[in-house]
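Each residue of the sequence shown is one higher than the one before, counting from 1 in the working numbering.
Think of the CB as a built atom: it goes at the ideal place given N, C-alpha and C, for glycine as much as any other residue.
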Amino acid sequence: MARREQLAGKVAIVTGASSGVGWQSAVRLAEQGVKLCVTARRREALESLRTVVEAAGGECLVVPGDVTVREDVDRVVRECLARYGRIDILVNDAGVQTYGYFDQLPWEHIQRTLDVTCLGFLRFAHAVLPHFRKQGSGHVLNVQSMLSEGAAPLLSAYTAAKHATLGWAKALRLELHGTGIQVSNVLVPSVATPMFDHAPTQFGKKPVPVPPTYDVDLIARAVVKCARKPGRTEVPVFLQGSLVLWMDRVAPFVGNLILGRYGARLQTEPEPVERPEGNLFQPVPEGVGAYGSVPPTPKWKRFSTVAGLAALVGGVLGGAALGARGLARAVR
Ligand SMILES: NC(=O)c1ccc[n+]([C@@H]2O[C@H](COP(=O)([O-])OP(=O)(O)OC[C@H]3O[C@@H](n4cnc5c(N)ncnc54)[C@H](OP(=O)(O)O)[C@@H]3O)[C@@H](O)[C@H]2O)c1
C-alpha cells in the first residue's frame, strides 16, 4: 500500500504553472504548506501566481523558462536548489496540443507538440533525478491525460505525446524500484482550462474539449492526493475516467464508433478563431490563471448522462439475457 506523506515543508517544482492545471495545482499544493518553484514561459503570469500564493501565506519562487530548452530546465533546477536546498516533488505539467487531421498538420507542429508535451516531461525528470538519487527520495508526478490511454481524432500528435509519457513513466517506475523515488500519474479528463484558448487549429473554428468537461480544481486536488500518496496512477473522475477505461477494455468498439463518427464534430464549435500557431512556439497573452473560456459541464448534465448510459447498458444486457433464455427454451 502507498505510504502517506506529510506535505508541509516539502519543495515542489511545478511546470506549466502560468495557467490551467499547473496554476491550480500550485495553489492547492501551497495550501498544504508545500514550498513552490513555478515555471512556464510567461513571467507576468507566474508573478500573478506568486502574488496569490504569498497572499495566502505560501512560498513561491518564479523561474521562467521553456521546457524544450535544456539550459532553461537546468536553470530552474539550479535556482530551486539555491533557494530551498532540496527538491521533493517534480510536477510535470507543461503541455500543448494542436488541432487538425494528422496529414494536414504542419510537420513542425507535430515535432513541437512532442517536444513540449513529451520530451518536456523527460527533460525535467532527467535534470531532477540526480538530486533525487543523492537525497534517496523524491517524486516525479506527471499530469497525464485520458489520451495517455485512449485516443481522439484531430489530436494525433498530442495523443502520441501522452501515450509516450505514460509508457516512459511506467518504465521509470520499474527502474526506480527500491530507490525511495516514486513515480505517479494523474489521468486527466477534459478540463475547463485555457488550453483550448491556446491551442492552434487548422480549421479556423474554436476548439473545445470532448464533453463532459470538468472543473480544474478537481484535478488540482487529485495532484495533491497523489503528492500525499505517491506511486499511484490516479483516475480522478468516473464518467470520463474509470468508466471510459472499463468500456475500452470490455467493448472498445463503442468508443471507437462514437469518437470515429462524432469526435471531430464534438471538438469544434462554429465560432470563428484564427490561431494557426497558438501557443506552440511563442506563448499567447490570453488564458492566465486556472480557468479558460470553456465552462465545466454542470453536474446535473454529467449525472443524467451516467443515468442514461446505465439505463442503456441495463437495457442491452436485459435484452440479451431474455434473448438467450428464449433461445435456450426453443432448443429444449
Ligand atoms: N485541459 C484539458 O482538458 C486536459 C486534459 C488532459 C490533460 N491535460 C494536461 O494538463 C496539462 C496542463 O494543461 P492545461 O489544460 O492546464 O493547459 P494550459 O492552460 O494551456 O497550460 C499549459 C501550460 O504549459 C505551459 N507551456 C506550454 N508550452 C511551454 C513551453 N514550451 N515551455 C514551458 N511551458 C510551456 C504554458 O505556459 P506558457 O505559455 O506561459 O509557457 C501553461 O502554463 C497538460 O500536460 C495537458 O496535457 C489537460
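Distance from the CA of Val-223 to the CA of Ala-320, rounded to the nearest whole angstrom, comes to 41 Å.
Closer than 7 Å to some heavy atom of ligand 1: that describes the Cβ of Thr-193. Close CB contacts of Lys-225 within its chain, under the 7 Å cut and outside five residues either way in sequence, are with Glu-234 (chain order). Judged by the Cβ position, Ser-48 fails to qualify as a neighbour of ligand 1 at the 7 Å threshold, every heavy atom of the ligand being at least this far. The alpha-carbon of Asn-142 is positioned some 21 Å away from that of Leu-243. The DSSP-derived three-state label of Lys-10 is coil. Taking a contact as a CB-CB distance under 8 Å, the pair Ala-192 and Pro-296 counts as one, their CB atoms being some 4 Å apart.
Judged by DSSP in its simplified three-state form, Lys-229 adopts coil rather than helix or strand. Taking the Cβ of Pro-295 as the reference point, every heavy atom of ligand 1 lies at 7 Å or farther away. For Gly-138, the uninterrupted beta strand (DSSP E) run begins and ends at 138-145, by DSSP.
For Pro-272, the uninterrupted beta strand (DSSP E) run begins and ends at 268-272, by DSSP.
Listed in chain order, the non-local C-beta contacts of Gln-32 below 7 Å within the same chain comprise Leu-7, Ala-8, Val-224, local neighbours out to five positions each way being set aside. Selection Leu-172, Tyr-262, Tyr-158 evaluated against His-126 yields Leu-172 as nearest (Cα-Cα).
Relative to the non-hydrogen atoms of ligand 1, the Cβ of Arg-41 comes within a distance shorter than 7 Å of at least one. By DSSP's assignment, Leu-129 forms no beta bridge with any residue. Contact between the segment 249-264 and the segment 168-183 is absent: fewer than 3 CB-CB pairs across the two stretches fall below 8 Å.
A straight line joining the alpha-carbon of Arg-228 with that of Val-11 spans about 13 Å.
Glu-277 is positioned such that its CB atom lies no closer than 8 Å to that of Gly-204. Taking 7 Å as the cut-off, the C-beta of Ala-152 does not count as close to any heavy atom of ligand 1. By alpha-carbon distance to His-131, the top candidate from Ile-89, Glu-269, Gly-22, Ala-157 is Ile-89. The beta carbons of Leu-61 and Glu-44 sit no closer together than 8 Å. Residue state for Ile-110 is assigned as helix, using DSSP reduced to three classes. Residue pairing by DSSP puts Lys-206 in a beta bridge opposite Glu-269. The beta carbon of Asn-185 sits no closer than 7 Å to any heavy atom of ligand 1. DSSP places Gln-24 in the helix class (H, G or I) of the three-state scheme. Every alpha helix (DSSP H) of 4 residues or more that sits fully in the segment 37-99 is shown, in chain order, as 43-55, 70-84. Collapsing the DSSP output to three states places Gly-120 in a helix.
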